[in-house]
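Note that the protein sequences, when read in sequence, are chains G, Z and L.
At the far end of the first sequence sits residue 331, using this note's numbering, and the numbering has no gaps.
At the far end of the second sequence sits residue 399, using this note's numbering, and the numbering has no gaps.
At the far end of the third sequence sits residue 624, using this note's numbering, and the numbering has no gaps.
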Amino acid sequence: MSPLLRSILSIEFGFAVFRVMTPLLFAAIGVSISNLAGTINISMEGTMLVSAFVGVLVSAFTESLVLALLAGVAAGVAMGAALSYFHLRLKADIILAAIALNLFATGITVFLLFLASGDKGSSSSLKSFVFPDLNIPLIKSIPVLGAIISGHNVMTYGAILAIVVFYIITFKTPLGLRIRAVGQNPNAAESVGINVNRTRMWALMLSGFFGAFGGLYLSMGYVSWFARDMTAGRGWIAIAAATLGGYMPLGTFLASLLFGAVNALAIYFASLQIPSELIALIPYLATVIALTIYSAQALKTRTRRVEEAKRVGKITEVTDVTEFKESS
Amino acid sequence: MEKFLLKYFTLIRVIIAIAIGIVISIFLIYLISEEPGFSLKSFLLGPFLSRSRLAHVFETASPIIFCGLAIAVAFQAKQFNVGAEGSLYLGAALGTAFGVSTNMPAFIHIPLVLLMAGLAGAMWSFIPAILKARWQASELVSSLMLNYVAYFIGLYLINFHFRDKEAGFLVSYQLPESAWLAQFIPGTRIHYGIILALVFALLVYYFLYHTTTGYEIRITGFNERFARFGGISVFKVIILCQVILGFLAALGGMTEVMGIHRRFVWQNLGQPGYGWDGVIVAIIGRNHPLLIIPASFFLAYLRVGGRVLNLMSDVPAEMITVIQSIIILLITAEAFLSKWKYRITVRQAERGSTA
Amino acid sequence: METILEAKNILKVYGNGVIANRGVSVGVEKNTIHAIVGENGAGKTTLMKIIFGIEHAQGGEIFFRGEKVNVRSPHDAIQMGIGMVHQHLMLAPDLSVAENMVLGNEPRRVRFFLDTDKAVEITRRVSEEYGLPVPPDKKIKDLPIGVRQRVEILKALFRNAELLILDEPTSVLTPQETEILFKTLKNLKEQGKTIIFISHKLKEVKQIADRVTIMRDARVIDTREASELTEHDIAHLMVGRDISFERLPQPIQLGEPVLLVRDLSYVNDEGILVLNKISFDVRSGEILGLAGVVGNGQTELIRILAGLLDPSEGEISLNGERLVGLSPRKIRELGLCHIPEDRMEDGVAEEATLEENFILDRYFKRGFSKGIRLQWKEISKHSRELIEKFNILAQSTKTPVSSLSGGNIQKVVVARELSSDPELIIAAHPTRGIDVGSEEMVHRLLREARDRGKAVFLASADLDEILKLSTRVIVMYNGEVVAHFQDMSKVAAEDLGPYMLGVQREEAVSGKVSA
Numbered sequence: 004m005s006p007l008l009r010s011i012l013s014i015e016f017g018f019a020v021f022r023v024m025t026p027l028l029f030a031a032i033g034v035s036i037s038n039l040a041g042t043i044n045i046s047m048e049g050t051m052l053v054s055a056f057v058g059v060l061v062s063a064f065t066e067s068l069v070l071a072l073l074a075g076v077a078a079g080v081a082m083g084a085a086l087s088y089f090h091l092r093l094k095a096d097i098i099l100a101a102i103a104l105n106l107f108a109t110g111i112t113v114f115l116l117f118l119a120s121g122d123k124g125s126s127s128s129l130k131s132f133v134f135p136d137l138n139i140p141l142i143k144s145i146p147v148l149g150a151i152i153s154g155h156n157v158m159t160y161g162a163i164l165a166i167v168v169f170y171i172i173t174f175k176t177p178l179g180l181r182i183r184a185v186g187q188n189p190n191a192a193e194s195v196g197i198n199v200n201r202t203r204m205w206a207l208m209l210s211g212f213f214g215a216f217g218g219l220y221l222s223m224g225y226v227s228w229f230a231r232d233m234t235a236g237r238g239w240i241a242i243a244a245a246t247l248g249g250y251m252p253l254g255t256f257l258a259s260l261l262f263g264a265v266n267a268l269a270i271y272f273a274s275l276q277i278p279s280e281l282i283a284l285i286p287y288l289a290t291v292i293a294l295t296i297y298s299a300q301a302l303k304t305r306t307r308r309v310e311e312a313k314r315v316g317k318i319t320e321v322t323d324v325t326e327f328k329e330s331s
Numbered sequence: 045m046e047k048f049l050l051k052y053f054t055l056i057r058v059i060i061a062i063a064i065g066i067v068i069s070i071f072l073i074y075l076i077s078e079e080p081g082f083s084l085k086s087f088l089l090g091p092f093l094s095r096s097r098l099a100h101v102f103e104t105a106s107p108i109i110f111c112g113l114a115i116a117v118a119f120q121a122k123q124f125n126v127g128a129e130g131s132l133y134l135g136a137a138l139g140t141a142f143g144v145s146t147n148m149p150a151f152i153h154i155p156l157v158l159l160m161a162g163l164a165g166a167m168w169s170f171i172p173a174i175l176k177a178r179w180q181a182s183e184l185v186s187s188l189m190l191n192y193v194a195y196f197i198g199l200y201l202i203n204f205h206f207r208d209k210e211a212g213f214l215v216s217y218q219l220p221e222s223a224w225l226a227q228f229i230p231g232t233r234i235h236y237g238i239i240l241a242l243v244f245a246l247l248v249y250y251f252l253y254h255t256t257t258g259y260e261i262r263i264t265g266f267n268e269r270f271a272r273f274g275g276i277s278v279f280k281v282i283i284l285c286q287v288i289l290g291f292l293a294a295l296g297g298m299t300e301v302m303g304i305h306r307r308f309v310w311q312n313l314g315q316p317g318y319g320w321d322g323v324i325v326a327i328i329g330r331n332h333p334l335l336i337i338p339a340s341f342f343l344a345y346l347r348v349g350g351r352v353l354n355l356m357s358d359v360p361a362e363m364i365t366v367i368q369s370i371i372i373l374l375i376t377a378e379a380f381l382s383k384w385k386y387r388i389t390v391r392q393a394e395r396g397s398t399a
Numbered sequence: 110m111e112t113i114l115e116a117k118n119i120l121k122v123y124g125n126g127v128i129a130n131r132g133v134s135v136g137v138e139k140n141t142i143h144a145i146v147g148e149n150g151a152g153k154t155t156l157m158k159i160i161f162g163i164e165h166a167q168g169g170e171i172f173f174r175g176e177k178v179n180v181r182s183p184h185d186a187i188q189m190g191i192g193m194v195h196q197h198l199m200l201a202p203d204l205s206v207a208e209n210m211v212l213g214n215e216p217r218r219v220r221f222f223l224d225t226d227k228a229v230e231i232t233r234r235v236s237e238e239y240g241l242p243v244p245p246d247k248k249i250k251d252l253p254i255g256v257r258q259r260v261e262i263l264k265a266l267f268r269n270a271e272l273l274i275l276d277e278p279t280s281v282l283t284p285q286e287t288e289i290l291f292k293t294l295k296n297l298k299e300q301g302k303t304i305i306f307i308s309h310k311l312k313e314v315k316q317i318a319d320r321v322t323i324m325r326d327a328r329v330i331d332t333r334e335a336s337e338l339t340e341h342d343i344a345h346l347m348v349g350r351d352i353s354f355e356r357l358p359q360p361i362q363l364g365e366p367v368l369l370v371r372d373l374s375y376v377n378d379e380g381i382l383v384l385n386k387i388s389f390d391v392r393s394g395e396i397l398g399l400a401g402v403v404g405n406g407q408t409e410l411i412r413i414l415a416g417l418l419d420p421s422e423g424e425i426s427l428n429g430e431r432l433v434g435l436s437p438r439k440i441r442e443l444g445l446c447h448i449p450e451d452r453m454e455d456g457v458a459e460e461a462t463l464e465e466n467f468i469l470d471r472y473f474k475r476g477f478s479k480g481i482r483l484q485w486k487e488i489s490k491h492s493r494e495l496i497e498k499f500n501i502l503a504q505s506t507k508t509p510v511s512s513l514s515g516g517n518i519q520k521v522v523v524a525r526e527l528s529s530d531p532e533l534i535i536a537a538h539p540t541r542g543i544d545v546g547s548e549e550m551v552h553r554l555l556r557e558a559r560d561r562g563k564a565v566f567l568a569s570a571d572l573d574e575i576l577k578l579s580t581r582v583i584v585m586y587n588g589e590v591v592a593h594f595q596d597m598s599k600v601a602a603e604d605l606g607p608y609m610l611g612v613q614r615e616e617a618v619s620g621k622v623s624a
């Protein structure tokens with residue numbers, strides 16, 4: 004067996020996939036939930052960055068993991084709220100406002116980082132905490148599977164949990180129902196008395212909520228410090244993953260898994276004497292290819308449905324054969 | 045007075061947004077700095093207080109103008125392609141590769157290198173364009189991803205095939221002098237790139253507002269259905285405006301290489317970053333080529349001011365990024381000040397003047 | 110008989126000055142099916158919108174169940190017990206029937222969770238109670254329209270609607286689904302509900318309504334027992350005019366057919382046959398009027414002629430050239446111009462200037478551009494000429510179109526289209542929503558074009574306009590040509606009415622004048 008294949012089918016690879024997938028999954032859930040309401044959220048990159056930073060900062064200064072978690076999440080929600088304010092209240096284009104918020108995030112994080120630690124590159128001078136890894140007692144003893152599943156950072160398990168939560172919110176709560184309704188037909192929602200803008204606001208804030216965990220994991224789990232621009236495009240890949248997954252829980256999970264796998268794969272390819280730069284571009288290229296295939300499919304389905312309707316006798320004759328009536 | 049306010053409402057809104065931004069920055073400086081007065085002076089006046097700093101503003105504005113123009117052309121057709129960064133990087137990399145591998149007299153070499161870079165950038169932006177035109181794939185997502193791909197390909201190209209092993213850092217071979225853009229103001233690094241940038245700004249203005257193709261691009265941006273109604277090929281527009289984006293952005297990068305570094309030096313992800321600056325000035329300049337010029341200078345001024353601030357005082361340059369984002373948010377918020385405008389409009393109507 | 114709803118003297122004027130309801134008074138009795146009929150623009154939809162709280166009246170009162178009420182929003186209306194089934198169904202396509210049913214009134218389990226089982230149970234209960242079977246778990250998008258409409262009705266009933274308003278409910282149904290709907294409505298009536306339904310299909314009105322209110326020109330003409338009126342009576346009341354013989358003088362330059370349409374058919378995205386083998390000719394020097402209530406295929410027909418939509422079958426030729434499959438630009442080159450039905454969507458780019466709007470079809474032509482360069486001086490001059498000639502009220506040619514009034518915007522569209530020196534002018538509802546002065550001008554321009562030997566195809570829901578301008582008239586109903594009037598000198602609105610409303614049709618008719 005070639006060394007590459009051996010390394011792909013190894014336990015380490017399986018483990019790496021889940022590790023790499025974690026931030027992507029959180030962010031993709033965030034993107035999905037806001038898209039379901041019809042508001043495209045492309046500020047995940049900035050949201051994760053802000054949460055990553057706030058988590059590190061708060062944990063260093065309060066020496067409390069819990070407070071750091073709460074603060075990070077609050078920061079993420081605040082980003083969602085900001086986007087909702089500028090787009091829904093002040094009528095800014097949602098794409099442009101999100102671009103501005105991403106910019107804001109890159110600036111404010113380094114700005115405050117410098118003020119707090121005197122360093123602009125990373126927060127290594129700050130003693131910040133890390134979320135613990137979890138070794139699950141029984142599971143870890145399972146051969147092969149155990150080593151892949153157990154021992155991850157608690158956030159990784161959190162990400163899996165987040166998918167379930169996403170599912171529950173979307174399909175098992177009134178809010179989720181309203182979010183979906185608003186995204187599919189805002190007029191219909193309005194006609195039964197639902198406040199469309201308020202629902203969208205909640206969706207954006209939930210979006211920030213989930214994205215925050217992704218950011219927190221990056222700076223307090225994946226590595227244990229904050230570095231400028233550490234999100235490295237994950238927020239954008241999350242958008243692609245969410246799109247690929249149709250904004251549904253299962254789809255989002257599988258798509259994130261896919262991108263996680265491609266990302267992890269990139270590391271393994273390095274052993275093959277291929278320059279690291281060419282390896283590194285694989286995930287991004289894969290995203291473009293996946294997006295294209297998805298869009299082409301969607302387009303084909305739309306056209307096919309029309310052709311089918313015309314063929315398979317679903318044509319409804321509207322012809323009203325009226326008898327010629329004389330005035331009675 | 046009020047009629048004047050209504051007519052130039054958009055412009056005034058932009059100016060007010062900028063003013064608010066400056067006010068916030070003043071506030072932040074006072075909050076953070078030990079010597080606020082000095083810091084403020086460094087920030088606001090710094091760029092003017094020394095010859096090299098002022099020159100810096102011009103040097104920085106040059107590539108930003110190119111990228112702003114690039115983005116503006118696509119945004120005018122409502123194509124949200126943000127791939128200026130990728131086209132800039134890859135275009136400059138390929139242009140450099142071409143430049144160091146060929147030798148010819150300057151008057152041919154310079155335009156040819158620029159052309160190569162431009163074509164490379166244009167071809168790169170063709171990818172999100174065709175994906176959008178043919179399959180309706182989001183140009184925003186694809187151009188974003190391709191920025192990263194462009195970075196890695198460009199980096200690979202330079203580091204593995206054109207690396208100058210004698211230089212201390214990871215940089216490319218030096219461009220032959222025949223491919224240099226001369227720095228024409230002694231004591232500064234201002235090179236002919238800025239002249240090119242201004243020329244292209246005029247060209248893009250002319251293109252958008254005085255040619256048939258430019259008209260097609262703008263009308264498609266105004267109302268796509270209307271464009272189709274009149275028989276305009278929206279497919280062609282989608283592709284053309286993004287290809288132009290790639291071309292211009294690449295020129296922005298290549299002129300910088302030819303005028304200042306004379307080598308390909310950008311090693312880190314996010315360098316040089318002019319692509320996103322282009323988005324910013326396109327927004328501030330409302331996608332108008334002639335407004336992008338002052339917007340770019342303004343941004344460059346903020347950058348340099350920030351650097352001076354950073355250097356001379358205890359306030360980090362990133363504050364500028366924060367201020368920029370606030371300004372953009374205010375500018376894109378259509379409803380910002382709209383109530384005020386409404387009140388004036390009503391008053392005018394009541395006075396019987398024709399709106 | 111107890112009156113459940115009474116509208117007294119309703120006055121509604123829209124922002125653009127159009128009076129939609131003028132002194133409208135209607136009484137609806139409990140436990141009846143009450144039909145409201147009228148042409149497009151008669152004011153019936155507006156009245157319903159006011160009753161349901163979507164619009165607010167400037168004058169008049171509404172009494173519900175004997176008490177004066179102020180309906181400020183659909184929410185208020187629903188609370189009072191009024192439900193509405195809109196023409197465009199208000200359902201979320203990817204949600205299930207049960208989910209759509211409980212939307213906004215979701216049953217909960219432990220406060221935060223949606224009780225999906227309860228939702229299904231509620232759906233079953235309401236569905237059984239009113240005898241309207243619906244599959245609670247299926248998604249709306251997978252259901253045929255008839256069933257979707259049933260869900261909408263159930264939605265209203267679930268919210269305890271005593272009075273149900275249906276806006277043109279049969280316009281999207283097959284004949285079989287219509288039968289089922291009528292059975293349903295009769296059932297509901299028996300269960301104590303009151304039903305108002307808006308329709309222009311008189312056969313159906315006669316089939317199901319107890320009482321009929323006829324509206325015309327923003328007023329109520331009469332309210333009578335349905336049994337007292339025949340379809341022809343109703344049609345007469347709907348379109349009856351003081352005999353206005355305002356007609357254009359005979360055409361001067363009548364010539365050969367310029368546009369030939371043969372067996373044109375079109376199936377839309379939902380699989381519905383919208384156009385069924387339409388055939389007609391338009392001759393040079395004449396105005397062919399297309400009469401019909403909006404929604405019978407006219408929109409699609411016109412878009413197909415202009416090249417904006419592909420037909421499923423059929424042939425179109427303009428001056429001998431085949432049009433099917435050609436691009437809109439090519440079709441324009443061949444001499445067609447189009448005043449579109451929706452001026453804001455298709456006719457103008459409102460943020461662009463007048464000049465930029467004027468040159469849409471000619472910016473690449475000689476005189477306006479040299480090669481790739483636009484000649485703005487000439488364009489401005491041309492624009493100023495157009496503004497003058499067509500009497501457009503605008504500050505300058507460089508102001509955005511959005512600053513103009515509706516009538517002036519239409520003049521911009523008309524100016525551009527007519528000044529392209531076309532062979533064939535397609536005018537779709539060209540005077541909809543504009544002031545009288547502009548309307549006069551448009552009519553004059555169409556007449557002048559006709560007299561210069563152009564062919565004009567005029568589609569309009571405004572019968573006065575059709576009668577005044579047309580040399581010949583074809584009537585469309587349900588995607589077919591059902592009447593062809595070749596001699597307009599003795600034709601009045603009452604003659605067209607029955608055909609437009611599906612009461613009458615000619616056999617084997619087309620609008621052809623040649624083979």
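Each residue gets a CB set at the ideal place from its N, CA and C atoms; glycine is no exception.
Taking 8 angstroms as the cut-off, decide whether the C-beta atoms of residue i and residue j are in contact.
| i | j | result |
| --- | --- | --- |
| L:Arg556 | L:Leu578 | yes |
| G:Thr50 | G:Met82 | yes |
| L:Met550 | L:Val584 | no |
| G:Ser222 | G:Gly58 | yes |
| Z:Ala223 | Z:Met302 | yes |
| G:Val61 | G:Leu52 | no |
Could you check whether the Cβ of residue i sits closer than 8 angstroms to any Cβ belonging to chain L?
| i | result |
| --- | --- |
| Z:Ser397 | Low confidence applies here, because Z:Ser397 scores a pLDDT of 48, under 50, leaving its location unreliable; read the following figure in that light. Not an interface residue. |
Going by alpha carbons, who is nearest to residue i out of the options?
| i | options | result |
| --- | --- | --- |
| L:Tyr375 | L:Lys439, L:Asn587, L:Met157 | L:Asn587 |
| L:Thr232 | L:Arg259, L:Arg218, L:Gly255, L:Val219 | L:Arg259 |
| L:Val180 | L:Phe173, L:Gly162, L:Arg371 | L:Gly162 |
Within 8 angstroms (strictly less), CB to CB, does residue i reach chain G?
| i | result |
| --- | --- |
| L:Ala201 | yes |
| Z:Leu346 | no |
The beta strand (DSSP E) with residue i in it runs from where to where?
| i | result |
| --- | --- |
| L:Gln193 | Checking the sequence, you will find Met at residue 193 of chain L rather than Gln. From DSSP, the beta strand (DSSP E) with L:Met193 extends over 191–194. |
Could you check where the alpha helix (DSSP H) with residue i kicks off and where it finishes?
| i | result |
| --- | --- |
| Z:Pro80 | 80–89 |
Would residue i count as contacting chain Z if we go by Cβ distances under 8 angstroms?
| i | result |
| --- | --- |
| L:Ser547 | no |
*Could you please tell me which residues of the stretch 322–339 of chain Z, in chain order, have their CB closer than 8 angstroms to any CB of chain G?*
Val323, Ile324, Ile327
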